[in-house]
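Numbering of the sequence shown is given in this note's numbering, commencing with residue -18 and proceeding in unit increments.
Just so it is clear, CB atoms sit at the ideal spot from N, CA and C, and this is done for glycine as well.
All remarks here apply to the structure that follows.
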Amino acid sequence: MKVEARLFELLTVFFALAGVAYTLFTTFTSKGTEWVGVVGMFFSAGLTLIAGTYFRFVARRVEIRPEDFEDAEIEDGAGELGFFSPHSWWPILVAGGAALFAVAFATGNFWLAIFAAAVIMGTAAGMVFEYHVGPEKH
């Protein structure tokens, strides 16, 4: 996880420096500062900072993985990777809700977009709690 944290921290520095440079270069043009790009650069820096901070905190709690060693072999990463639901329909429903939201938002049908956002939240909750309720509960 330390590698991922370092990657996102470097991206944060890059986007922050690129945002400052973009602000300076667009300020001295005939049209003035181009605010959409400036805000986009600094928001990108903020988002990569959030991801990098998350990975840094997780890296402290998780044991060292084979990816963190310079001399690791491929077979060091062998074994169980986790549990993946083989029969879940929830991801398809989440994707359908996301597609409905995209179409509704693109066509300006905001009531349908609100409904689709509710569908996304409901189906995401169903996917998260799939093995905590119903016949699959252990």
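* Pick out the complete alpha helix (DSSP H) segments inside the stretch 14 to 98, 4 residues or longer, and give them in chain order. => Those alpha helix (DSSP H) runs which fall completely within the stretch 14 to 98 and span 4+ residues are 16 to 42, 71 to 88.
* Which residues in the same chain have their Cβ closer than 7 Å to the Cβ of Gly60, if we skip the five residues on either side of it in sequence? -> none
* To do: Give a yes or no on contact between the stretch 19 to 36 and the stretch -15 to 0, applying the rule of three or more CB pairs nearer than 8 Å.
  => Cβ pair count under 8 Å is three or more, so yes.
* **Closest by C-alpha distance to Val43, when choosing among Lys(-17), Phe86, His113, Phe65** => Lys(-17)
* Asked: If you run the structure through DSSP and keep just helix, strand and coil, what is Met108?
  -> helix
* To do: Check whether the Cβ atoms of Ile101 and Gly78 lie closer than 7 Å to each other.
  => yes
* **C-alpha gap between Asp49 and Phe(-11), whole angstroms** => 16 Å
* Can you tell me whether DSSP reads Val114 as helix, strand or coil? -> coil
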